[in-house]
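Asker: Numbering-wise, the numbering used here comes out as the position in the sequence shown, counting from 1, plus 52. Here it is, the structure, as structure tokens.
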Amino acid sequence: MKRTILALAILLWPVLQWAQQADFHVIPLPLSVQTDSTQTFTLTSGMGIGYDASQPEQGRIASWLRQFIEETSGVNLLLQPNNKKAAVYLSIKAGAKGKTAKAGGKGAAQAQVATTPADPRVEGSTPQQEAYTISISRRGITISAAAPVGLYRAAQTIRKALPLQAKGSAKVVLPTGSIQDQPRFVYRGMHFDCSRHYFDLPTVKRYIDQLALHGCNKLHWHITDDQGWRFEVKALPELAKKGSVRKCTVLGQNSGVYDNVSYGGYYTQAECREIVNYAAERYITVIPEIDLPGHMLAALSVYPNLGCTGGPYEVWPMWGVAEDVLCAGNPDVISFLKTVLGELCDVFPSKYIHIGGDESPRVRWEHCPKCQAKIKELGLQPVMGPNGKVRMSAEQQLQTYINHEMEAFLASRGRNLIGWDEILEGGLTPEATVMSWRGTEGGIAAARQHHHVIMTPNSHCYIDHYQLKDQRKQPLGIGGYLPVSKVYSFEPLPQELTAEEQAYILGPQCNLWTEYVAYPQHVFYMLLPRLDALSEVQWTPASQKDYASFCQRLPHMLSLYDRLGFNYCPTIE
Ligand code: ACM
Ligand code: ZN
53 MKRTILALAI
63 LLWPVLQWAQ
73 QADFHVIPLP
83 LSVQTDSTQT
93 FTLTSGMGIG
103 YDASQPEQGR
113 IASWLRQFIE
123 ETSGVNLLLQ
133 PNNKKAAVYL
143 SIKAGAKGKT
153 AKAGGKGAAQ
163 AQVATTPADP
173 RVEGSTPQQE
183 AYTISISRRG
193 ITISAAAPVG
203 LYRAAQTIRK
213 ALPLQAKGSA
223 KVVLPTGSIQ
233 DQPRFVYRGM
243 HFDCSRHYFD
253 LPTVKRYIDQ
263 LALHGCNKLH
273 WHITDDQGWR
283 FEVKALPELA
293 KKGSVRKCTV
303 LGQNSGVYDN
313 VSYGGYYTQA
323 ECREIVNYAA
333 ERYITVIPEI
343 DLPGHMLAAL
353 SVYPNLGCTG
363 GPYEVWPMWG
373 VAEDVLCAGN
383 PDVISFLKTV
393 LGELCDVFPS
403 KYIHIGGDES
413 PRVRWEHCPK
423 CQAKIKELGL
433 QPVMGPNGKV
443 RMSAEQQLQT
453 YINHEMEAFL
463 ASRGRNLIGW
473 DEILEGGLTP
483 EATVMSWRGT
493 EGGIAAARQH
503 HHVIMTPNSH
513 CYIDHYQLKD
523 QRKQPLGIGG
533 YLPVSKVYSF
543 EPLPQELTAE
553 EQAYILGPQC
563 NLWTEYVAYP
573 QHVFYMLLPR
583 LDALSEVQWT
593 PASQKDYASF
603 CQRLPHMLSL
613 YDRLGFNYCP
623 TIE
């Protein structure tokens with residue numbers, strides 16, 4: 053019997069070994085994986101990772117790669133600064149190019165909108181800068197890229213490709229061959245609402261870790277809303293101190309019953325900078341959002357004079373869309389916003405600043421003498437449509453007036469604004485980027501007007517929605533049904549647009565609103581694995597996407613989440 057088992061083990065050894073090989077068909081799927089599992093390279097504990105030590109970024113990336121290899125395969129490598137003969141070598145090849153045109157398929161249009169920023173960590177890298185090649189010969193591994201960000205993306209790919217082995221394993225086997233990769237879209241975002249519920253710094257950092265693992269390069273950080281103002285403004289110390297605290301929270305879905313527990317928390321500017329730096333080291337830009345002129349009850353509760361009625365207002369203990377918004381006719385509102393955005397720009401180096409603009413009812417403005425006087429002063433008249441109906445009300449244009457003020461102010465700080473698609477309603481300001489959330493229609497309209505667009509339609513990108521059909525199997529949520537498969541099916545470039553118009557679509561993003569998500573475990577349950585589906589929408593050319601193949605590659609990611617201690621939804625629909 054023993055002999056039979058031994059014979060079987062010897063017979064199966066190559067298969068067992070093969071099963072334990074690295075597999076570069078990771079998520080998101082790289083552009084090209086050409087490997088030969090019959091010719092292998094064995095990475096052994098004690099081997100080295102070489103890099104150019106004169107480049108601090110390379111040292112950091114080498115150190116992460118060392119950590120990634122150890123946490124997955126168990127193999128412990130040494131950092132070997134400047135050792136070009138090391139088993140693993142990081143190489144920056146100036147002028148190295150990605151495969152933009154052909155490989156990008158429809159996404160090739162992205163190359164037209166990509167720019168070459170001075171600081172890739174702040175303004176976003178081009179697909180060419182994020183491109184990388186991993187070459188594995190029988191002697192070792194060379195990772196090459198045009199910029200450090202490419203090396204970093206490669207390190208994350210290796211992390212996902214290696215088999216999960218026991219801690220302290222002596223070796224790990226890789227197939228020989230070449231992996232070439234670069235992203236489809238320049239903007240690969242993920243949103244996080246930290247207003248409806250406050251999440252501490254370690255949680256925000258772990259959220260960023262997940263974005264980095266999936267090749268995202270933008271964290272859209274929603275830090276103010278009706279239910280809590282969470283950004284410290286030094287010139288207005290009461291704003292975060294008082295505006296971050298609601299005296300209670302409604303139970304269930306606006307049941308009318310409240311928990312009687314005061315809830316608060318905000319981010320100091322030092323903490324925001326810590327988040328910005330943490331993300332920047334992982335090649336992620338933090339785009340902060342101050343939602344205006346609606347979703348402002350928390351601020352109004354501290355400064356009631358900024359509202360049309362004068363209040364009193366309270367930090368909202370329930371969910372929904374409030375009718376009380378900032379008064380567009382009060383000049384103090386513009387000064388207030390400039391103070392807030394000024395400090396926001398001091399803290400967040402992002403080129404983009406999100407000014408919200410969604411769900412801002414204009415009913416108060418219709419009845420407010422100050423707002424109506426402003427409409428008169430600006431000479432705003434309703435614009436009629438061909439059907440005889442009002443196409444653009446004076447109040448809608450009043451919101452655009454605020455946006456103009458914000459755009460000019462942000463331009464004075466070298467920044468551009470992003471707004472939710474409601475900013476189209478009163479006419480776009482010249483430099484606005486539109487975040488299309490009520491479907492893709494807003495994005496289509498904006499692209500036709502030659503404005504940049506981020507696609508985040510609530511049909512495919514709202515991961516606050518349920519992910520399983522059977523709602524009893526999930527924690528209480530806002531509603532909807534967005535399974536992994538539907539996120540995966542999203543195509544960000546609308547067929548209705550010409551190739552030239554499609555070039556204005558910077559990329560897709562998913563949003564995590566947190567009215568019903570109060571704890572970190574729940575955050576990651578909502579995020580994972582729908583982020584996996586999103587990452588392939590963001591990264592992989594449409595022609596290479598394949599849901600069946602994605603589902604085969606997903607279990608390894610779930611095992612990796614187990615290894616890294618992340619919660620996730622284990623059922624895939
Ligand atoms: C939004 O979901 N209100 C942008
Ligand atoms: Zn008003």
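Yeah, the Cβ is synthetic: ideal placement off N, Cα and C, and Gly gets one too. As the structure is a prediction and not an experimental result, all values here were calculated from the model.
1. Rounded to a whole number of angstroms, what is the C-alpha to C-alpha distance between MET578 and GLU483?
2. Using only the alpha-carbon positions, how far apart do VAL302 and ASP376 sit?
3. Any idea if LEU129 is buried or exposed, counting beta-carbon neighbours within 10 angstroms, 16 or more meaning buried?
4. What's the call for PHE286, buried or exposed, on a 16-neighbour Cβ count within 10 Å?
5. Quick check on the contact list: which residues have their beta carbon closer than 6 Å to a heavy atom of the ligand MN?
6. Spatial neighbours of SER84 within its chain, please: C-beta separation below 6 Å, excluding the five flanking residues on both sides.
7. Taking the CB atoms as reference points, tell me whether GLY295 and ALA374 lie closer together than 7 Å.
8. If you measure from the CB of GLY381, is any heavy atom of the ligand ZN nearer than 6 Å?
9. Identify every run of the beta strand (DSSP E) within the segment 264 to 318, keeping only runs that are complete inside it and at least 3 residues long; order them along the chain.
10. What I want to know is whether the C-beta of CYS268 ends up closer than 6 Å to one or more non-hydrogen atoms of the ligand ZN.
11. Name the two residues that bound the continuous alpha helix (DSSP H) containing LYS426.
12. Beta carbon of GLY220, beta carbon of GLY372: below 7 Å?
13. CA-CA distance, ARG240 and GLN561?
14. Is it true that the CB of PRO235 sits closer than 7 Å to the CB of PRO179?
15. Roughly how many angstroms lie between the CA atoms of ASN357 and VAL297, to the nearest whole one?
16. Any chance the CB of CYS246 is under 6 Å from a heavy atom of the ligand ZN?
17. List the residues that DSSP assigns as beta-bridge partners of THR320.
18. Return helix, strand or coil for LEU131, following the three-state DSSP convention.
19. Could you pull the start and end residues of the beta strand (DSSP E) that VAL486 belongs to?
20. Evaluate LYS441 with the Cβ neighbour count: other Cβ atoms within 10 Å of its Cβ, from every protein chain shown; 16 or more gives buried, anything less gives exposed.
21. Excluding sequence positions up to five away, which residues of its chain have a Cβ less than 8 Å from the Cβ of GLY316?
22. Does the distance from the C-beta atom of GLY381 to that of LYS422 stay below 7 Å?
23. I need the boundaries of the alpha helix (DSSP H) containing ARG112, first residue and last residue.
24. Pick from THR592, ARG467, ASP410 and ARG325: whose alpha carbon is nearest that of LYS403?
25. Beta carbon of LYS145, beta carbon of SER196: below 7 Å?
26. Which value, in whole angstroms, describes the spacing of the CA atoms of PRO345 and GLY408?
27. Would you call the segment 244 to 262 in contact with the segment 102 to 112, where contact means no fewer than 3 C-beta pairs closer than 8 Å?
28. Can you give me the start and stop residues for the alpha helix (DSSP H) that ALA570 sits inside?
29. Considering only the beta carbon of each residue, do HIS503 and LEU480 sit closer than 7 Å?
30. How would you label GLN164, buried or exposed, when you count the other beta carbons within 10 angstroms and need 16 or more for buried?
31. Determine the direct distance from the alpha carbon of PRO413 to that of ARG490, and round the result to whole angstroms.
32. Would you mind reading off the limits of the beta strand (DSSP E) that contains TYR141?
Answerer: In terms of the structure at hand:
1. In the sequence shown, the residue the question calls residue 578 occupies position 526. In the sequence shown, the residue the question calls residue 483 occupies position 431. Cα to Cα, the separation comes out at about 33 Å.
2. Your numbering for residue 302 matches position 250 in the sequence shown. Your numbering for residue 376 matches position 324 in the sequence shown. Taking the Cα positions, VAL302 is about 19 Å away from ASP376.
3. Start at 1 with the first residue of the sequence shown, and residue 129 comes out as number 77. With 16 or more Cβ atoms within 10 Å of its Cβ, LEU129 is classed as buried.
4. Counted from its first residue, the sequence shown places residue 286 at position 234. Before going further, note that residue 286 is Lys rather than Phe in the sequence given. LYS286 is exposed by the Cβ-count criterion.
5. Because the ligand MN does not appear in the structure shown, any question about it cannot be addressed here, the ligands present being the ligand ACM and the ligand ZN.
6. In the sequence shown, counting from the first residue as 1, residue 84 sits at position 32. Correct list, in chain order: GLN232.
7. Reading the sequence shown from its first residue, position 243 is the one you call residue 295. Reading the sequence shown from its first residue, position 322 is the one you call residue 374. Taking 7 Å as the Cβ cut-off, GLY295 and ALA374 do not qualify as a contacting pair.
8. Indexing the sequence shown from 1 puts residue 381 at position 329. Checking the Cβ of GLY381 against the ligand ZN gives yes.
9. Taken in chain order, the unbroken stretches of beta strand (DSSP E) that lie wholly in the segment 264 to 318 and span 3 residues or more are 270 to 274.
10. As a working note, residue 268 is residue 216 in the sequence shown. For the ligand ZN, not one heavy atom lies less than 6 Å from the Cβ of CYS268.
11. In the sequence shown, counting from the first residue as 1, residue 426 sits at position 374. Segment 421 to 430, the alpha helix (DSSP H) holding LYS426.
12. Indexing the sequence shown from 1 puts residue 220 at position 168. Indexing the sequence shown from 1 puts residue 372 at position 320. Not closer than 7 Å, so no.
13. Working through the sequence shown from its first residue, we reach residue 240 at position 188. Working through the sequence shown from its first residue, we reach residue 561 at position 509. Answer to the nearest angstrom: the Cα atoms are 6 Å apart.
14. Here the question's residue 179 lines up with position 127 in the sequence shown. Here the question's residue 235 lines up with position 183 in the sequence shown. Taking a C-beta distance under 7 Å as the contact criterion, PRO179 and PRO235 qualify as a contact pair.
15. Residue 357 sits at position 305 when you count from the first residue of the sequence shown. Residue 297 sits at position 245 when you count from the first residue of the sequence shown. C-alpha separation (whole angstroms): 19 Å.
16. Locating residue 246 in the sequence shown gives position 194, where the first residue counts as 1. No - the ligand ZN has no heavy atom lying nearer than 6 Å to the Cβ of CYS246.
17. To locate residue 320, count along the sequence shown from 1; it is residue 268. Beta-bridge pairing links THR320 to no other residue.
18. Position 79 of the sequence shown, counted from the first residue, corresponds to residue 131. Per DSSP, reduced to three states, the secondary structure at LEU131 is strand.
19. Residue 486 sits at position 434 when you count from the first residue of the sequence shown. Looking at the DSSP string, the run of the beta strand (DSSP E) that includes VAL486 is 485 to 488.
20. Counted from its first residue, the sequence shown places residue 441 at position 389. Taking every protein chain shown into account, the CB of LYS441 has fewer than 16 other CB atoms within 10 angstroms, so this residue is exposed.
21. For the purposes of this step, residue 316 is identified with residue 264 of the sequence shown, where counting begins at 1. Hits under 8 Å: TYR250, GLY280, SER296, VAL297 and ARG298.
22. Sequence index remark: in the sequence shown, residue 381 carries index 329 (1-based). Sequence index remark: in the sequence shown, residue 422 carries index 370 (1-based). Result yes, Cβ atoms of GLY381 and LYS422 sit closer than 7 Å.
23. Taking the sequence shown and counting its residues from 1, the one referred to as residue 112 is at position 60. Looking at the DSSP string, the run of the alpha helix (DSSP H) that includes ARG112 is 108 to 125.
24. Position 351 of the sequence shown, counting from 1, holds the residue named residue 403. Closest option to LYS403, Cα to Cα, is ARG467.
25. Looking up residue 145 in the sequence shown gives position 93. Looking up residue 196 in the sequence shown gives position 144. Cβ distance < 7 Å, so LYS145 and SER196 count as in contact.
26. Numbered from 1 along the sequence shown, position 293 holds the residue referred to as residue 345. Numbered from 1 along the sequence shown, position 356 holds the residue referred to as residue 408. Taking the Cα positions, PRO345 is about 8 Å away from GLY408.
27. With the cut-off at 8 Å, the segment 244 to 262 and the segment 102 to 112 do not touch.
28. Your numbering for residue 570 matches position 518 in the sequence shown. Per DSSP, ALA570 lies in no alpha helix (DSSP H) and is assigned neither H nor E.
29. In the sequence shown, residue 503 corresponds to position 451, counting from 1. In the sequence shown, residue 480 corresponds to position 428, counting from 1. Yes, these two residues count as a Cβ contact at 7 Å.
30. Counted from its first residue, the sequence shown places residue 164 at position 112. Because the pLDDT of GLN164 is 32, which lies under 50, any placement of that residue in the model is unreliable, and the number read from its coordinates should be weighed accordingly. By the Cβ neighbour-count rule, GLN164 is exposed, with fewer than 16 other Cβ atoms within 10 Å of its own.
31. Taking the first residue of the sequence shown as position 1, residue 490 is located at position 438. Taking the first residue of the sequence shown as position 1, residue 413 is located at position 361. Straight-line spacing of the CA atoms in ARG490 and PRO413 works out to 16 Å.
32. By 1-based counting over the sequence shown, the position of residue 141 is 89. Secondary structure note for TYR141: its beta strand (DSSP E) is the uninterrupted segment 140 to 144.
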